[in-house]
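Asks: As you go down the protein sequences, you meet chains U and V in turn.
Position 40 (the first sequence) corresponds to 40 in the UniProt record's numbering; numbering is contiguous.
Position 99 (the second sequence) corresponds to 99 in the UniProt record's numbering; numbering is contiguous.
By construction, the Cβ of each residue, glycine as well, lies at the ideal position given by its N, Cα and C atoms.
Structure below; questions to follow.
Number of protein chains: 2
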Amino acid sequence: MALEHAILVSLLEKPGSGYELARRFDRSIGYFWTATHQQIYRVLKRMESDGLLAVRGLPQQDRPDKKEYSVMGPGRAALSQWLHEPIEPESIRHDLAVKIRGAAFDDPSALIREVERHRQVHSDRLAHYLAGELRDFTGPAAPTPLDAGQELQHVVLRGGIAYERMTIAWLDDVLATLRRLGMSHPRA
Amino acid sequence: MALEHAILVSLLEKPGSGYELARRFDRSIGYFWTATHQQIYRVLKRMESDGLLAVRGLPQQDRPDKKEYSVMGPGRAALSQWLHEPIEPESIRHDLAVKIRGAAFDDPSALIREVERHRQVHSDRLAHYLAGELRDFTGPAAPTPLDAGQELQHVVLRGGIAYERMTIAWLDDVLATLRRLGMSHPRA
DNA sequence: TCCTCATATGCAACTCGTTGCATAGCCAAG
DNA sequence: CTTGGCTATGCAACGAGTTGCATATGAGGA
Numbered sequence: 001m002a003l004e005h006a007i008l009v010s011l012l013e014k015p016g017s018g019y020e021l022a023r024r025f026d027r028s029i030g031y032f033w034t035a036t037h038q039q040i041y042r043v044l045k046r047m048e049s050d051g052l053l054a055v056r057g058l059p060q061q062d063r064p065d066k067k068e069y070s071v072m073g074p075g076r077a078a079l080s081q082w083l084h085e086p087i088e089p090e091s092i093r094h095d096l097a098v099k100i101r102g103a104a105f106d107d108p109s110a111l112i113r114e115v116e117r118h119r120q121v122h123s124d125r126l127a128h129y130l131a132g133e134l135r136d137f138t139g140p141a142a143p144t145p146l147d148a149g150q151e152l153q154h155v156v157l158r159g160g161i162a163y164e165r166m167t168i169a170w171l172d173d174v175l176a177t178l179r180r181l182g183m184s185h186p187r188a
Numbered sequence: 001m002a003l004e005h006a007i008l009v010s011l012l013e014k015p016g017s018g019y020e021l022a023r024r025f026d027r028s029i030g031y032f033w034t035a036t037h038q039q040i041y042r043v044l045k046r047m048e049s050d051g052l053l054a055v056r057g058l059p060q061q062d063r064p065d066k067k068e069y070s071v072m073g074p075g076r077a078a079l080s081q082w083l084h085e086p087i088e089p090e091s092i093r094h095d096l097a098v099k100i101r102g103a104a105f106d107d108p109s110a111l112i113r114e115v116e117r118h119r120q121v122h123s124d125r126l127a128h129y130l131a132g133e134l135r136d137f138t139g140p141a142a143p144t145p146l147d148a149g150q151e152l153q154h155v156v157l158r159g160g161i162a163y164e165r166m167t168i169a170w171l172d173d174v175l176a177t178l179r180r181l182g183m184s185h186p187r188a
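Given below as structure tokens:
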């Protein structure tokens, strides 16, 4: 149930509405966690009724009202408790790897375009992460020195960068393998 | 719904029972997909009633009967169709990254043992993958030349190896960062 | 003898996550 | 003037995944 905790972290970094959270989950938090607005609204409601969050209705001019959530004492305590509990190291769930092994029972060369498309997506993500790193942490406009929260955000971002770089290199390996097999066995 | 397809791939590689599949999902297939026996039994039953799989009851001496599943024509067709459909590049779900950012609101040094434990798990996985690579693909007992299926299994395994190596390096970066913050801010 | 482990399958209840749809006002482009 | 996009929230239904428990047999150890 880490979505709850990811929301607590994000709201501690800055209070906001469900809609704003959903956008953060498409951006910085999205480097390591994804969530749709449906999930977020549902969990926010539960967390509020559990007393972890406070909600403040903000009537706005020219657009629908929004509800700004912020973390209460029990929310902070719940996060702290979770931080002290051990969690399971994650295991991967990689559809593309299933497809690659499945290619042994189909035409391997048919996968090449798909793998190229994935490579492009990861390459775009890498560029996006690197731009963010320059903007927030290593560029001339970045604060110096960084505070603890920023250092931790930076090390998480470095993880995202390392992940994308590793993935791109692996997809190149996959492409080379598929092309090699496609040449020697034009039709499997 | 890639569990279904992972099962098809695994049963095409070799027919087997639900129990055997569950063990494969703890081993080679588990490099990139996990599933419990509950999930597997449930999906096998559905796939059989959908006509994707054939089942053969094997009475055994000295132990409970087992049901051996194998892929039928429609199952192979379903896999082939899926292989030709584009899939979304996955996004990460990394609890540990949530914890690391959360450490800004708690004592960062409390996370060090947790990160060290994760590093150990990934290091063990890497050793396990490398042993498997030597046994099945690069060692003296490995078949030469490898057929297409084995080449594809190998490139997937290389992906697992690259992932673990990257993760270990990142966790070292995380540990260095946490230790640095722990020194300059003994209590956050 | 009893306990645990390994094989082998399964139900029931639950939470988590996704998808489609609905509402509602404003703005800008065509 | 209608279509689509952005802000902002939400319901309903479904599918995916987890956890706890139940059943059955035989082997080996305490």
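Using the C-alpha atoms, what's the distance from Glu-164(V) back to Ser-17(U)?
Replies: Each residue's Cα considered, the two are about 37 Å apart.
Asks: For the beta strand (DSSP E) containing Ser-28(V), list its first residue and its last residue.
Replies: It is not in any beta strand (DSSP E) - Ser-28(V) carries neither H nor E in the DSSP assignment.
Asks: I'd like the span of the alpha helix (DSSP H) that includes Ala-97(V), first residue to last.
Replies: Residues 95-102.
Asks: For Ala-78(U), go through chain V and note every residue whose CB falls closer than 8 Å to its CB, in chain order.
Replies: Within 8 Å Cβ-Cβ: nothing; Ala-78(U) doesn't reach chain V, min ~11 Å.
Asks: Could you check the C-alpha separation between Gly-51(V) and Pro-74(V) for me, to the nearest Å?
Replies: Their Cα atoms are separated by approximately 7 Å.
Asks: Using the Cα positions of Ala-104(V) and Met-166(V), report the straight-line distance between them to the nearest angstrom.
Replies: Straight-line Cα distance between these residues: approximately 24 Å.
Asks: Pick from Tyr-129(V), Gly-149(V), Asp-106(V): whose alpha carbon is nearest that of Lys-14(V)?
Replies: Looking at the Cα atoms, Gly-149(V) is the closest of the given residues.
Asks: Measuring straight from C-alpha to C-alpha, what distance separates Val-174(U) and Asp-106(U)?
Replies: Going by the C-alpha atoms only, they are around 16 Å apart.
Asks: Which of the three DSSP states is assigned to Ala-141(U) in this structure?
Replies: Here Ala-141(U) sits in coil by DSSP.
Asks: Verify whether the separation of the beta carbon atoms of His-122(V) and Pro-89(U) is less than 8 Å.
Replies: Yes.
Asks: Determine the extent of the alpha helix (DSSP H) in which Arg-46(V) is found, giving its start and end residues.
Replies: Segment 37-49, the alpha helix (DSSP H) holding Arg-46(V).
Asks: Sort out for me which residues DSSP pairs Gly-16(V) with in a bridge.
Replies: In the DSSP output, where bridge partners are listed per residue, Gly-16(V) has Tyr-69(V).
Asks: Between the Cα of Ile-112(V) and those of Leu-157(V), Ala-176(V), Ile-29(V), spot the shortest distance and give me the residue it belongs to.
Replies: Checked all of Leu-157(V), Ala-176(V), Ile-29(V); the closest Cα to Ile-112(V) is Ala-176(V).
Asks: What three-state label does DSSP hand Leu-53(V) in the structure shown?
Replies: Note: Leu-53(V) maps to strand in three-state DSSP.
Asks: Could you give the DSSP three-state label for Ser-91(V): helix, strand or coil?
Replies: Coil at Ser-91(V), not helix or strand.
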